[in-house]
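Residue numbers (this note's numbering), protein chains in the order written: chain V, 4 to 131; chain S, -6 to 131.
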């Protein structure tokens, strides 16, 4: 991240600050030059401080936004988990019900098969 | 600004702006934004750093929590898919069994008629199952 790069490595690099200073909008340059009484080193020092503070402010903003985003994502997941859990409980109950029907149906069809076999035998005995 | 200077600045900013087409204008706008943020704040560096470490700590906790909830979500989703599949499988099996039941009942009634006996093996639950798994007696 730019913030880490700046804070950890580039903080005292005046060459970079000089280059950044060149890129600054004119009104901002004037503002900095006026405050630092137009002395080159003071201008750069002021610029460096503003950049460092700006970087820290931006880093804080980025972290805050990231935390908010992750919190929202967690809340969204938790909501979905709650709904999935209740749907899964409902499905488990339905499965228990169809399993019970399944056992009954297997027994019942076997029973009817046996009865029909007996009846067919009776019919044969009567010569129908 | 010459080409090599631009390269230094570009390198400096590309970690932050890697998704943006890095033009001089983009860099200028970005620098102005940072400098303004720095000039407009009355907070001191130490307070900002302290606040940042609190946010960083919170971020770590949230990352762990996100991982946990994501895993739980994944587990519940796959369980949901598996339960739905099981339910459909058993439901379809029951449908086939009910069709078999309908056929066996029909044979049973015909045999009772031929043998001139009163049918005694008709269960109320048969009708319920037919209604449940073959609605409209499809």
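Just so it is clear, CB atoms sit at the ideal spot from N, CA and C, and this is done for glycine as well.
Measuring straight from C-alpha to C-alpha, what distance separates residue 56(V) and residue 48(V)? For the purposes of this step, residue 56(V) is identified with residue 53 of the first chain, where counting begins at 1. For the purposes of this step, residue 48(V) is identified with residue 45 of the first chain, where counting begins at 1. Their Cα atoms are separated by approximately 12 Å.
My output table needs one value for residue 110(S): the three-state DSSP class, helix, strand or coil. Within the second chain, numbered from 1, the residue matching residue 110(S) stands at position 117. Reduced to three states, the DSSP call for residue 110(S) is coil.
Residue environment, residue 85(V), which counts as buried when at least 16 other CB atoms sit within 10 Å: In the first chain, counting from the first residue as 1, residue 85(V) sits at position 82. Flag for residue 85(V) reads exposed.
Roughly how many whole angstroms lie between the Cα atoms of residue 133(S) and residue 99(V)? Not covered by the structure: residue 133(S). The range shown for chain S is -6 to 131.
What are the boundary residues of the alpha helix (DSSP H) that residue 122(S) is part of? The residue labelled residue 122(S) in the question sits at position 129 within the second chain. Taken as a continuous stretch (DSSP letters only), the alpha helix (DSSP H) holding residue 122(S) covers 117 to 126.
I'd like to check one pair, residue 126(S) with residue 87(S): are the Cβ atoms closer than 8 Å? Numbered from 1 along the second chain, position 94 holds the residue referred to as residue 87(S). Numbered from 1 along the second chain, position 133 holds the residue referred to as residue 126(S). Less than 8 Å separates the beta-carbon of residue 87(S) from that of residue 126(S).
Coil, strand or helix - residue 87(S) by DSSP: Taking the second chain and counting its residues from 1, the one referred to as residue 87(S) is at position 94. Here residue 87(S) sits in helix by DSSP.
So, does the segment 109 to 125 of chain V touch the segment 103 to 110 of chain S, judging by three or more C-beta pairs under 8 Å? The segment 109 to 125 of chain V makes contact with the segment 103 to 110 of chain S: 3 or more CB pairs, one atom from each, lie closer than 8 Å.
Taking just the CA atoms, how far does residue 113(V) sit from residue 123(S)? Walking along the second chain from the start, residue 123(S) turns up at place 130. Walking along the first chain from the start, residue 113(V) turns up at place 110. Residue 123(S) and residue 113(V): Cα-Cα distance of roughly 17 Å.
Contact set for residue 94(S): own chain, Cβ-Cβ below 8 Å, skip 5 residues either direction: Stepping through the second chain from its first residue, residue 94(S) is reached at position 101. Taking C-beta separations shorter than 8 Å and ignoring five residues to either side along the sequence, the partners of residue 94(S) in its chain run 119, 122 and 123, following chain order.
With DSSP as the reference, label residue 58(V) as helix, strand or coil. Residue 58(V) sits at position 55 when you count from the first residue of the first chain. Residue state for residue 58(V) is assigned as helix, using DSSP reduced to three classes.
So that I know if they touch, is there some Cβ in chain S lying closer than 8 Å to that of residue 15(V)? Within the first chain, numbered from 1, the residue matching residue 15(V) stands at position 12. Only weak support exists for where residue 15(V) lies, its pLDDT of 48 falling under 50; the coordinates are left without a value.
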